[in-house]
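Asks: Sequence order for the protein chains is A and B.
Reminder that position 376 of the first sequence reads as 376 in this note's numbering, one-by-one numbering, no gaps.
Reminder that position 376 of the second sequence reads as 1376 in this note's numbering, one-by-one numbering, no gaps.
Every residue gets a Cβ at the ideal spot worked out from N, C-alpha and C, and that includes glycine.
2 protein chains.
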Amino acid sequence: MLKQPPVVREGDLSLLVDLYELAMAQAYWSEGMDDTAVFSLFFRELPENRNFVLACGQQNVVGIIESLAFSDEHIERLESLDRFQPEFLDWLRDFRFSGSVYAVPEGTPLFPQEPLLEVEGPIAEVQLLESLVMNYVHLESALASKSVRLTFAAGGRPVVDFGMRRTHGLDAAHRGVRAYRLAGLTGTSNVLAGLDFNMPVYGTMAHSFVQACPDEMDAFRIYASLYPGTTLLVDTYDTRSAVDRIIKWLKDEPEVSVGGIRLDSGDLAAEAVDCRKMLDEAGLTDIKIMASGGLDEYRIAKLCSSGAPIDGFGVGTAIGVAKDGPALELAFKLTEYASLPRMKNSPGKQSFPGPKQVYRRLGTDGRIAEDVVSGRDEVFDGTPLLRPVMKEGRIIEGAIAPLDDQVKAASKSIDTLPERFRSLDPVNESPVVISEFLRALQRDTLERVSKK
Amino acid sequence: MLKQPPVVREGDLSLLVDLYELAMAQAYWSEGMDDTAVFSLFFRELPENRNFVLACGQQNVVGIIESLAFSDEHIERLESLDRFQPEFLDWLRDFRFSGSVYAVPEGTPLFPQEPLLEVEGPIAEVQLLESLVMNYVHLESALASKSVRLTFAAGGRPVVDFGMRRTHGLDAAHRGVRAYRLAGLTGTSNVLAGLDFNMPVYGTMAHSFVQACPDEMDAFRIYASLYPGTTLLVDTYDTRSAVDRIIKWLKDEPEVSVGGIRLDSGDLAAEAVDCRKMLDEAGLTDIKIMASGGLDEYRIAKLCSSGAPIDGFGVGTAIGVAKDGPALELAFKLTEYASLPRMKNSPGKQSFPGPKQVYRRLGTDGRIAEDVVSGRDEVFDGTPLLRPVMKEGRIIEGAIAPLDDQVKAASKSIDTLPERFRSLDPVNESPVVISEFLRALQRDTLERVSKK
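Right, here's the structure in full:
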């Protein structure tokens, strides 16, 4: 019986690869095809309800690339597949990525045809990275692209991640929090991720605690004494009577410190209005009202626009699985090999060959006026978004900012979105212009490959 | 600057917990509340398009539970949160789960109100497991519940997982494959997962290989020579002309071994019909046609019912993120504490108190006739689905079958689904009956807690 490991070990990431990458690598190797290739990670279309993708993970993935290697044990396991030649396995044993990576900063809003990252290097080496890079970047970008919408809907009110139980696995539970932080969320319930990614960790009680105590008030008393300023969960049995009893209790014992109450079911708007009124009339204006329970950006927007007196939101499922858009159609495409532009000609899949740059030009209002997607060596007005982060297989010193700085930069970058792109509804609009050079290159390349 | 680990380490899983679990554990500890609690993992509703959940992961999660522990480093990190008392941290330092787990076999189709697993033990210990258990089981159950539908649609034709690039992170890419195998998929493109979970690994070439070669035919020749019986990707430039050239080539060089072609874009049904005709007319009836590219159960069902001559399917995004139902609304609820049944009374959230059993009764046709959800100690006709897998914190010897046996049992279990539940459309029907005892317990408990 095989041992089935509960989590993927960092040292095993080189085997976390699609078989065809290895098959192609062996074919390149056996044919002596070792010229430089450029692969571009981009998307042709947005998920249905999105106006942009918040690109995350594309800089940090180089941390994995730099250390990727095949151990003797990996080689033995690959041998067992009976598909690889001993000399190719020797090549794998010596494998360290020797190429370059260009990436947009963490937390950059992007539009169709704009690369999140480009990888350049000997073709077999880059090919081997495809699935791992796509997986790594897709997770964070999918979760960030969803969760940033929650911050738009909440209009400045704190939004806290409660999603660990719903994210797809342990890696998503953990690294998703990095994406939420880049997207502007306020905190997380997830202890390890909060500690690892320097995000405030929140959480007080579940219904189970209230249910286990002899009486709801016992639960509240225990918490207020252990955790002064705590938030009490009030909907286990009956929300209004719970709040009523809290009010009486705080009247009798004014030294008790309660910071807030949390509503987790029912008509949140109506409950919030009633609870606020009860609390205010008792002079407890400092007690905050938090809401959770099946919230997404639409429900939050509705709660906010209805004027519901809710001070913050806890969100789980919606952001944990990026519920209405769990997949971004990221493609990792060969765009140049041996100095020749490359593209395929599959129906309905428009792409542009060659290494690229994206120039983002802001208007006088500080918002994105135009993005020019150009050849890498072209020069346009604006800020070039793709920046070198890895060269000759090593992370470029200082090229990747510490996470706290990335978060600040991401926040500024999100602020450059024109107001209409912050809408929860699709605007079906793009600021992207393709340069004349790229258009010509596409025509020429199409003509060349169609002669084949 | 914090080190930001690229993957979660197995040894750190004890910190992969929602803060409120730790807060509640400290509260239970400080109050001396250490009676036995029963928590039940179940769901009240199915995702929109589903007729059942294929429960996976609920037995295997005990592998994680058994080894869960807090190291000195973990304790230090928890100290930094400034929320925990030294004596409670000592309690954590000594923590090893000492309770019991009951779970249904891996790959069991379940319906609303049927527990996937129940955990029993000192309340603080069980509470600590909540988020980890939910996350672990949710991943596999969500992906299995989606991917089993692909096998229904394909009606016996092989379906291969191509989804690594889309799954939410590395853990999902890896452990998802275990779920696909339990759901009946034929293979995976993912090397590490295929090796770890003993599933055949498939994959030949991407468009990039064809594009990098001087000519499409070069790509095909290289592959046929390196990988006899290979499957050639034919849609990089023009599918029909690629197939035309393959036919001429195999006519000229009959010793060349090509096993199949893969279509990855365009009108797959029409392309398959044309290619099959071309191949058959050339006497190449043995060459199989594989299809991929944005496939899901609906597209596969349509292709199959249209009679498209497709021999197998590669599926990525649809199963990788369980696209139309990425989240199952799993709940982990306290149902008993200190021998008293427990439940909450939140609006619209029906649940039943007390430890449970599910008796599955098959009809004479071998299909599910009725499931009785009962109290744990009740006895009904049929097979009890919840079985003890962990006792006193240790996995019960022999209680968890090796994966190969789990897969066989899952296949049989899936076969017990009445035909209508295998429909891709919702049947809005459930074979579940709640026992009289549980209904009475619910009434009594509601009455008791509403007096609070």
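Is there a Cβ from chain A that is less than 8 Å from the Cβ of B:Leu1505?
Replies: As displayed, chain B neither begins before 1001 nor continues past 1452, which places residue 1505 of chain B out of reach and without an answer.
Asks: I'd like to know if B:Arg1420 contacts chain A, where contact means its C-beta is closer than 8 Å to some C-beta of that chain.
Replies: Cβ-Cβ to chain A under 8 Å: no for B:Arg1420.
Asks: Measuring straight from C-alpha to C-alpha, what distance separates B:Ala1193 and A:Ile434?
Replies: So the two alpha carbons sit approximately 40 Å from each other.
Asks: Taking Cβ-Cβ distances below 7 Å as the criterion, which residues of the region 1151-1174 of chain B are in contact with chain A?
Replies: Of all residues in the region 1151-1174 of chain B, Met1164, Arg1165, Arg1166, Thr1167, His1168, Gly1169, Leu1170, Asp1171, Ala1172, Ala1173, His1174 have a Cβ within less than 7 Å of some Cβ in chain A.
Asks: From the DSSP output, in three-state form, read off B:Met1001 for me.
Replies: Caution applies to B:Met1001, whose pLDDT of 35 falls short of 50 and renders its modelled position unreliable; the value that the coordinates give is listed next. DSSP places B:Met1001 in coil when its eight states are reduced to three.
Asks: Spatial neighbours of A:Arg376 within its chain, please: C-beta separation below 7 Å, excluding the five flanking residues on both sides.
Replies: Result list for A:Arg376: Pro355, Lys356, Gln357, in chain order.
Asks: Could you list which residues in chain B have their beta carbon closer than 8 Å to that of A:Asn345, in chain order?
Replies: By Cβ distance, chain B contributes Thr1236, Tyr1237, Asp1238.
Asks: Measuring CA to CA, which of B:Cys1275, B:Glu1125, B:Met1024 is closest to B:Thr1285?
Replies: The residue with the shortest Cα to Cα distance from B:Thr1285 is B:Cys1275.
Asks: Within the 8 Å Cβ cut-off, does B:Arg1342 reach chain A?
Replies: Yes, its Cβ sits closer than 8 Å to a Cβ of chain A.
Asks: Return the Cβ separation of A:Ala142 and B:Met1033 in integer angstroms, given the expectation that the two are a contact with Cβ distance under 8 Å.
Replies: That pair is no contact at about 40 Å.
Asks: If you pair each beta-carbon of the region 1165-1172 of chain B with each one of the region 1041-1058 of chain B, do three or more pairs fall below 8 Å?
Replies: Not touching, per the Cβ criterion.
Asks: Hey, is B:Pro1326's beta-carbon within less than 8 Å of any beta-carbon in chain A?
Replies: Yes, B:Pro1326 lies at the interface with chain A (some Cβ there is under 8 Å from its Cβ).
Asks: Between B:Leu1013 and B:Arg1181, what straight-line distance do the alpha-carbon atoms span, to the nearest angstrom?
Replies: Cα to Cα, B:Leu1013 sits roughly 25 Å from B:Arg1181.
Asks: What does a CB cutoff of less than 8 Å around A:Glu216 pick up in its chain, not counting 5 residues either side in sequence?
Replies: For A:Glu216, where only same-chain residues beyond five positions count, the Cβ hits under 8 Å are Val210, Thr236, Tyr237, Ala242, Arg245.
Asks: Taking C-alpha atoms, which residue in A:Arg394, A:Ile414, A:Met343 lies nearest to A:Phe448?
Replies: Phe is not the amino acid found at residue 448 of chain A; the sequence shown has Arg there. Of the listed residues, the one whose Cα sits closest to A:Arg448 is A:Met343.
Asks: Identify which residue in A:Glu271, A:Thr108, A:Ser306 has its Cα closest to the Cα of A:Asp415.
Replies: Of the candidates A:Glu271, A:Thr108, A:Ser306, the one whose C-alpha sits nearest the C-alpha of A:Asp415 is A:Thr108.
Asks: Under 7 Å, CB to CB, which of the residues in the region 1188-1204 of chain B have a partner in chain A?
Replies: Cβ contacts with chain A come from Ser1189, Asn1190, Val1191, Leu1192, Leu1195, Asp1196, Phe1197, Asn1198, Val1201, Tyr1202, Gly1203, Thr1204.
Asks: Could you check which residue in B:Leu1117, B:Phe1084, B:Val1007, B:Ala1124 has the C-alpha nearest to that of B:Thr1036?
Replies: Among B:Leu1117, B:Phe1084, B:Val1007, B:Ala1124, the Cα nearest to that of B:Thr1036 is on B:Ala1124.
Asks: Who pairs with A:Arg360 in a beta bridge, going by DSSP?
Replies: Looking at the DSSP assignment, A:Arg360 forms a beta bridge with A:Asp371, A:Thr383.
Asks: For the region 1434-1450 of chain B, which residues have a CB atom closer than 8 Å to at least one CB atom of chain A, in sequence order?
Replies: Answer set for the region 1434-1450 of chain B: Val1449, Ser1450.
Asks: So, B:Leu1226 versus B:His1207, is the Cβ gap smaller than 8 Å?
Replies: Going by C-beta atoms, B:Leu1226 is not nearer than 8 Å to B:His1207.
Asks: Going by the DSSP bridge assignment, what does B:Tyr1337 pair with across the sheet?
Replies: DSSP lists B:Ala1037, B:Leu1340 as partners of B:Tyr1337.
Asks: Closest Cβ-Cβ distance between A:Met290 and chain B: below 8 Å?
Replies: So, not an interface residue.
Asks: Pull up the distance between the alpha-carbon of A:Arg439 and that of A:Gln350, whole angstroms please.
Replies: Rounded to whole angstroms, A:Arg439 to A:Gln350 spans 11 Å at the Cα level.
Asks: If you pair each beta-carbon of the region 17-25 of chain A with each one of the region 139-158 of chain A, do three or more pairs fall below 8 Å?
Replies: Contact fails: fewer than three Cβ-Cβ distances are below 8 Å.
Asks: Do A:Asn60 and A:Glu106 come within 8 Å of each other at the CB atom, strictly closer than that value?
Replies: In contact: A:Glu106 and A:Asn60 (Cβ atoms closer than 8 Å).
Asks: Can you name the residues of chain A whose CB is closer than 7 Å to the CB of B:Phe1209?
Replies: Going along chain A in sequence order, the residues near B:Phe1209 (Cβ under 7 Å) are Met24, Ala27.
Asks: Only counting the same chain, and skipping five residues up and downstream in sequence, which positions put a Cβ closer than 6 Å to that of A:Leu2?
Replies: Because A:Leu2 carries a pLDDT of 38, less than 50, the predicted location of this residue cannot be relied on, and no value is offered for it.
Asks: By the criterion of Cβ-Cβ separation under 8 Å, what are the contact partners of B:Asn1135 in chain A?
Replies: Chain A residues near B:Asn1135: Met164, Arg165, Arg166, Thr167, Gly169, Leu170, Ala173.
Asks: Select from A:Ala144, A:Leu132, A:Leu185 the residue whose C-alpha is nearest the C-alpha of B:Ala1173.
Replies: Nearest option by C-alpha distance: A:Leu132.
Asks: A:Glu118 CB to nearest chain B CB: under 8 Å?
Replies: Taking Cβ atoms only, chain B never reaches closer than 8 Å to A:Glu118, which makes this a no.
Asks: Would you mind sorting B:Ala1224 into buried or exposed? The rule is 16 or more other CB atoms within 10 Å of its CB.
Replies: That one is buried.
Asks: Between which two residues does the alpha helix (DSSP H) harbouring B:Gly1063 extend?
Replies: Looking at the DSSP string, the run of the alpha helix (DSSP H) that includes B:Gly1063 is 1062-1067.
Asks: What residue range does the beta strand (DSSP E) around A:Pro418 cover?
Replies: No beta strand (DSSP E) contains A:Pro418, which DSSP labels as neither H nor E.
Asks: From the DSSP output, in three-state form, read off B:Phe1352 for me.
Replies: Reduced to three states, the DSSP call for B:Phe1352 is coil.
Asks: Beta-carbon separation of A:Val101 and A:Val62 under 8 Å?
Replies: Yes, these two residues count as a Cβ contact at 8 Å.
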